[in-house]
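Student: Below are the structure tokens for one structure; questions will follow.
Protein chains: 2
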Amino acid sequence: MVDLHDLIELLPSGAVLTDPDSLVGYRQDWARDPDAGTPLAVVRATCTADVSATVRWAEQRRVPVVPRGAGSGLSGGATAVDGGIVLSTERMRDIVVDPVTRTAVVQPGLLNAEVKRAAAEHGLWYPPDPSSFEMCSIGGNAATNAGGLCCVKYGVTTDYVLGMEVVLADGTAVRIGGPRLKDSAGLSLTKLFVGSEGTLGVITELTLRLLPAQPRQSTVVATFADLTAATAAILAVTGALRPSMLEFMDGVAINAVEDELRMGLDRSAAALLVARSDAPGAHAAREAEIMVAACEKAGATEVFHTEDPAEGEAFTAARRFAIPAVERIGPLLLEDVGVPLPRLGELVTGIAAIAERNRVLISVIAHAGDGNTHPLIVHDPADADNTARAHRAFGEIMDLAIELGGTITGEHGVGRLKKAWLPDQLGPDVMALTRRIKDALDPHGILNPGSIL
Amino acid sequence: MVDLHDLIELLPSGAVLTDPDSLVGYRQDWARDPDAGTPLAVVRATCTADVSATVRWAEQRRVPVVPRGAGSGLSGGATAVDGGIVLSTERMRDIVVDPVTRTAVVQPGLLNAEVKRAAAEHGLWYPPDPSSFEMCSIGGNAATNAGGLCCVKYGVTTDYVLGMEVVLADGTAVRIGGPRLKDSAGLSLTKLFVGSEGTLGVITELTLRLLPAQPRQSTVVATFADLTAATAAILAVTGALRPSMLEFMDGVAINAVEDELRMGLDRSAAALLVARSDAPGAHAAREAEIMVAACEKAGATEVFHTEDPAEGEAFTAARRFAIPAVERIGPLLLEDVGVPLPRLGELVTGIAAIAERNRVLISVIAHAGDGNTHPLIVHDPADADNTARAHRAFGEIMDLAIELGGTITGEHGVGRLKKAWLPDQLGPDVMALTRRIKDALDPHGILNPGSIL
Chain A
1 MVDLHDLIEL LPSGAVLTDP DSLVGYRQDW ARDPDAGTPL AVVRATCTAD
51 VSATVRWAEQ RRVPVVPRGA GSGLSGGATA VDGGIVLSTE RMRDIVVDPV
101 TRTAVVQPGL LNAEVKRAAA EHGLWYPPDP SSFEMCSIGG NAATNAGGLC
151 CVKYGVTTDY VLGMEVVLAD GTAVRIGGPR LKDSAGLSLT KLFVGSEGTL
201 GVITELTLRL LPAQPRQSTV VATFADLTAA TAAILAVTGA LRPSMLEFMD
251 GVAINAVEDE LRMGLDRSAA ALLVARSDAP GAHAAREAEI MVAACEKAGA
301 TEVFHTEDPA EGEAFTAARR FAIPAVERIG PLLLEDVGVP LPRLGELVTG
351 IAAIAERNRV LISVIAHAGD GNTHPLIVHD PADADNTARA HRAFGEIMDL
401 AIELGGTITG EHGVGRLKKA WLPDQLGPDV MALTRRIKDA LDPHGILNPG
451 SIL
Chain B
1 MVDLHDLIEL LPSGAVLTDP DSLVGYRQDW ARDPDAGTPL AVVRATCTAD
51 VSATVRWAEQ RRVPVVPRGA GSGLSGGATA VDGGIVLSTE RMRDIVVDPV
101 TRTAVVQPGL LNAEVKRAAA EHGLWYPPDP SSFEMCSIGG NAATNAGGLC
151 CVKYGVTTDY VLGMEVVLAD GTAVRIGGPR LKDSAGLSLT KLFVGSEGTL
201 GVITELTLRL LPAQPRQSTV VATFADLTAA TAAILAVTGA LRPSMLEFMD
251 GVAINAVEDE LRMGLDRSAA ALLVARSDAP GAHAAREAEI MVAACEKAGA
301 TEVFHTEDPA EGEAFTAARR FAIPAVERIG PLLLEDVGVP LPRLGELVTG
351 IAAIAERNRV LISVIAHAGD GNTHPLIVHD PADADNTARA HRAFGEIMDL
401 AIELGGTITG EHGVGRLKKA WLPDQLGPDV MALTRRIKDA LDPHGILNPG
451 SIL
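Protein sequence lines correspond, in order, to chains A and B.
Just so we're aligned, residue 1 is where the first sequence starts under the numbering used here, counting upward by one.
Just so we're aligned, residue 1 is where the second sequence starts under the numbering used here, counting upward by one.
Structure follows, in structure tokens:
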């Protein structure tokens, strides 16, 4: 048993939690990994020095460190390890926005929504918008290279990370990149740490690129009697222009959302698309009309176009609400597979076949414009057979995505939940390359062991 | 002396050049490093298998390999090493554009301009636009994380690289990333290889993200009687909107360009800005008017606004022509320092002081909107004292950029020319981190030895 005394002495009073009741809430993230361990302690760091001291202490004693943001991860990337430390950044919440360089310097514990709000106070915008933006941390966003609904036009987290401070496995804090849109000095280390899921270092500060406030959006809502027409409409829309949002819900999700929100959605529809344009001024309405025509031509049963931002936001919120709505049917295995856009139809129909074959209910929602889907596998933990079939479907969906030239995770990360499938996607040579980098940066394997690799 | 016979046998007939006359042209890139070595041979690869075979052969014999695109690099990143192989990708020139996913799969030897043209045939656009776009290769662009004039709004090369095939130091070809806007599976390896200047692997294929064709641009040209007014105008423009281009030339460059092009530029001006907007439809003209007002308010002596694309392109071409124009005064040491935008004024006035102190002529041109400047140091190689002063100024400019929180290279890369200054920018810990990654990926140090590290 490792003695925690010197760790407690290194850190501010109250930073180290060890009582069993406090530890429980830090064992799992939203993936609810049943194999989660019980940590030795939780460190709630208040600053970079706390993170450095903790990691240095842990490395000297070969104690695993699991970095944790808001704990809203869906792949088990913040799953506690028996005898390890959970290193929470929840108390590191500073932000400074510089409107001249259009950048924000932010600590990892701030929530995505709080970053957006701080930027908005200066008339600026931080685009990445995971559906969980009200409760996910910006550090976790960087660690998983999180996406969201805006990515079809605005890209993902890595596109907005210009620099960072990161604590390496030996406790050294380094600064890489900075508030410069262009910087070719040395290796692209900033980009390597984005998406590394806490396996290479612990991010203690981010320098984010901001954009001017997003223009007012026009919104198109279309329903379809079959999935093929809906995926044809998706291709028609993205082929004609770059929507600022292009989201998909299947019939199960439509009904689950309608059960809760009573918006008057067409319960008989097989699919619903919510598409938006933020082109400046009158161009948004013009682009919306193009999207209306594309949906009609693809065979939509009903198409609706609104210039009212509140109405558009209501449909967007409905789409964001789809996961909790479907979850009311039963516990979910949440998927995150993506494919190149032309293969989206094959993915969606393939998932339907997987659901049928395994006799499980799978609802598909998707950031359709970039081919990233979230199949929601409803299962019954009390029914072992059902649970086994759900897990089989979970794996088969990833197999299908890989077969279609896609990815097992578009925006949630690999964590522990998907690591068994990563070699199938990347192949042995890329896995070996990954391992070489991991070993070079974390030779004793203390950082988030069991995640990704 | 290494026996080249088995290398020659591994490769297609004519792929290996060994006669001294052929080798001469492959010793240096545009940095004209006087310490360039003479290679054992030049391999002009025709495909990934050729690259793999060459690198594997070289690794087994510990022969250095210097990857080379079009040889237009300005930092000596493609400087031949005595007894090494120069591995040229100039014959790898395939491209396939997929308008549905808006991506291009391209081999490294294709020129940037050729990528742009292939995309344009599908109504699409590849934004990054180094001034050398007609003669620089897309592989070299990826290796240096090249920028250009559009970056102020559209970012740099890494923002457009979704995937690649890369040959590692042991000759293994791996595929990383792919035509997916979102992919969080595993480490962000694609981004690590972008900007690695051939020190971690040899890029043999790139998957690039494309955008819809750029809308027609409005153009504003403004002249200023002093540098301070010009840098104030730059901040006023970027504070008000996101221009699609915001370029700067000082008085020396204005006169050098005017000597050649006779456009009627104001020879008495201390600075000239060329600013453009590509906002859709009438919004471009509206943004141009905002930029006109910003320049006037900052004290411009003359401001000119045109909606004529040809006229706008003529001013852009004039700016692009500034480097060759200034070069007619004398040979140049070409700088590439960048600073956070609010420090641009200090950088520009500091460079003037460095020029005066060292009694050398320095003309400053800049991608002003992102703080990336190209001070052009004119020197006389026949005059040893002048050359020494020019080199001193070259170093002092980098020192100044670092002092101002900037970078020694915004878009050209470190190569050999700037490597002595890299530790000053990055510090010992980041240098050590860089070295760990280099050693992990290239344990025998055969890939572009002497570049970056």
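Note that the Cβ used here is the ideal one computed from N, Cα and C, for glycine as well.
Quick caveat, the model's predicted, so the values are computed rather than measured.
Measure the alpha-carbon distance for proline 212 of chain B versus threonine 306 of chain B and round it to whole angstroms.
Tutor: C-alpha separation (whole angstroms): 23 Å.
Student: Which chain A residues are close to proline 151 of chain B, counting only those with a beta carbon under 9 Å from its beta carbon?
Tutor: The sequence as given places cysteine at residue 151 of chain B; proline does not occur at that position. Within 9 Å Cβ-Cβ: Leu181, Lys182.
Student: If you reduce the DSSP assignment to three classes, tell me which class glycine 163 of chain B lands in.
Tutor: Glycine 163 of chain B: strand per DSSP, three-state reduction.
Student: Taking Cβ to Cβ, would you say leucine 334 of chain A is nearer than 7 Å to glycine 371 of chain A?
Tutor: No. Outside cutoff.
Student: What residues in the region 4 to 32 of chain B have a beta carbon less than 9 Å from any beta carbon of chain A?
Tutor: Here the close residues number zero.
Student: Can you confirm whether alanine 185 of chain A, when its beta carbon is compared against all beta carbons of chain B, has any partner nearer than 7 Å?
Tutor: Closer than 7 Å: yes.
Student: Would you mind giving the Cβ-Cβ distance between leucine 168 of chain B and valine 174 of chain B, rounded to the nearest angstrom? I have them listed as a contact below 8 Å.
Tutor: At roughly 6 Å, the Cβ-Cβ gap stays under 8 Å, so leucine 168 of chain B and valine 174 of chain B are in contact.
Student: In the DSSP assignment, find the alpha helix (DSSP H) that holds isoleucine 446 of chain A and state where it starts and stops.
Tutor: Where isoleucine 446 of chain A is concerned, there is no enclosing alpha helix (DSSP H), given that its DSSP letter is neither H nor E.
Student: With a threshold of 7 Å between beta carbons, is glutamine 60 of chain A in contact with chain B?
Tutor: Answer no: the Cβ-Cβ gap between glutamine 60 of chain A and chain B never drops below 7 Å.
Student: So which residues on chain A does proline 212 of chain B lean against when the C-beta distance must stay under 8 Å?
Tutor: Residues of chain A passing the Cβ test: Leu241, Arg242.
Student: Using a Cβ-Cβ distance under 7 Å, would valine 252 of chain B count as near chain A?
Tutor: False, the Cβ-Cβ gap to chain A never drops below 7 Å.
Student: Please report whether the beta-carbon of arginine 357 of chain B lies at a distance below 7 Å from any beta-carbon of chain A.
Tutor: By this cut-off, arginine 357 of chain B is not an interface position.
Student: Using a Cβ-Cβ distance cut-off of 7 Å, determine whether leucine 204 of chain A contacts chain B.
Tutor: The displayed chain sequence assigns threonine, not leucine, to residue 204 of chain A. By this cut-off, threonine 204 of chain A is not an interface position.
Student: Run through chain B and tell me which residues come within less than 9 Å of isoleucine 176 of chain A, C-beta to C-beta.
Tutor: The contacting residues are Leu426, Val430, Leu433.
Student: Could you pull out every residue in the same chain whose Cβ sits closer than 7 Å to the Cβ of alanine 384 of chain A, ignoring the five residues on either side in sequence?
Tutor: None.
Student: Identify whether isoleucine 452 of chain B lies in helix, strand or coil by the three-state DSSP scheme.
Tutor: Looking at isoleucine 452 of chain B - three-state DSSP - the assignment turns out to be coil, as it is neither helix nor strand.
Student: Under 7 Å between C-beta atoms, does lysine 297 of chain A make it to chain B?
Tutor: It does not; no Cβ of chain B falls within 7 Å.
Student: Closer than 8 Å by C-beta to glycine 123 of chain A: which residues in its own chain qualify, once you throw out the five before and the five after it? Chain order, please.
Tutor: Excluding positions up to five away in sequence, the list reads Pro99, Pro212, Ala213.
Student: Just to confirm before moving on: does the CB-CB distance between leucine 417 of chain A and alanine 31 of chain A stay below 7 Å?
Tutor: Yes, Cβ-Cβ distance for leucine 417 of chain A and alanine 31 of chain A is below 7 Å.
Student: Pull up the distance between the alpha-carbon of cysteine 295 of chain A and that of alanine 70 of chain A, whole angstroms please.
Tutor: Their Cα atoms are separated by approximately 38 Å.
Student: Interface residues of chain A around lysine 191 of chain B at Cβ under 9 Å?
Tutor: Here the neighbours are Thr158, Ser188, Thr190, Lys191, Leu192, Val194, Gly195.
Student: Under 8 Å, with one C-beta from each stretch per pair, do the region 38 to 53 of chain B and the region 18 to 27 of chain B reach the 3-pair mark?
Tutor: Output reads yes: the region 18 to 27 of chain B touches the region 38 to 53 of chain B.
Student: Quick one: which chain B residues come within Cβ less than 8 Å of asparagine 141 of chain A?
Tutor: Those within 8 Å of asparagine 141 of chain A in chain B number zero; the least Cβ separation is about 11 Å.
Student: Check each candidate in A:Lys153, A:Ala233, A:Ile329 and name the one with the smallest Cα separation from valine 257 of chain A.
Tutor: Nearest option by C-alpha distance: A:Ile329.
Student: Is glutamate 335 of chain A close to chain B, meaning its C-beta is less than 7 Å from at least one C-beta of that chain?
Tutor: By this cut-off, glutamate 335 of chain A is not an interface position.
Student: How close, in whole Å, do the beta carbons of glutamate 396 of chain B and isoleucine 354 of chain B come, if the pair is a contact with beta carbons under 8 Å?
Tutor: With a Cβ gap of about 5 Å, glutamate 396 of chain B and isoleucine 354 of chain B count as contacting.
Student: Any beta carbon of chain A sitting closer than 7 Å to that of threonine 349 of chain B?
Tutor: So no, threonine 349 of chain B is outside the interface.
Student: Going by DSSP in three states, proline 375 of chain A sits in which element: helix, strand or coil?
Tutor: Proline 375 of chain A: strand per DSSP, three-state reduction.
Student: Indicate the three-state DSSP secondary structure (helix, strand or coil) for histidine 283 of chain A in the structure shown.
Tutor: It is helical.
Student: On the three-state DSSP scale, how would you describe glutamate 480 of chain A?
Tutor: Summary: the structure shown does not reach residue 480 of chain A, with chain A confined to residues 1 through 453, and so no result is reported for it.
Student: Which bits of chain B does proline 375 of chain A rub up against, with CB to CB less than 8 Å?
Tutor: Under the 8 Å cutoff, chain B gives no residues; its nearest Cβ is about 15 Å from proline 375 of chain A.
Student: For chain B, check one thing: does any of its Cβ atoms lie closer than 7 Å to the Cβ of glycine 395 of chain A?
Tutor: No, its Cβ sits nowhere closer than 7 Å to a Cβ of chain B.
Student: With distance defined between alpha-carbon atoms, name the residue in A:Tyr126, A:Ala143, A:Trp125, A:Ile85 nearest to serine 72 of chain A.
Tutor: Checking every option, the nearest Cα to that of serine 72 of chain A belongs to A:Ala143.
Student: Identify the residues that DSSP records as bridge partners of alanine 366 of chain A: which are they?
Tutor: In DSSP, alanine 366 of chain A forms a bridge with A:Phe248, A:Thr373.
Student: Under 8 Å Cβ-Cβ, which residues of chain A neighbour glycine 109 of chain B?
Tutor: Residues of chain A passing the Cβ test: none, with the nearest at roughly 21 Å.
Student: Tell me, please, which residues DSSP counts as bridged to aspartate 98 of chain B.
Tutor: Beta-bridge pairing links aspartate 98 of chain B to B:Thr103.
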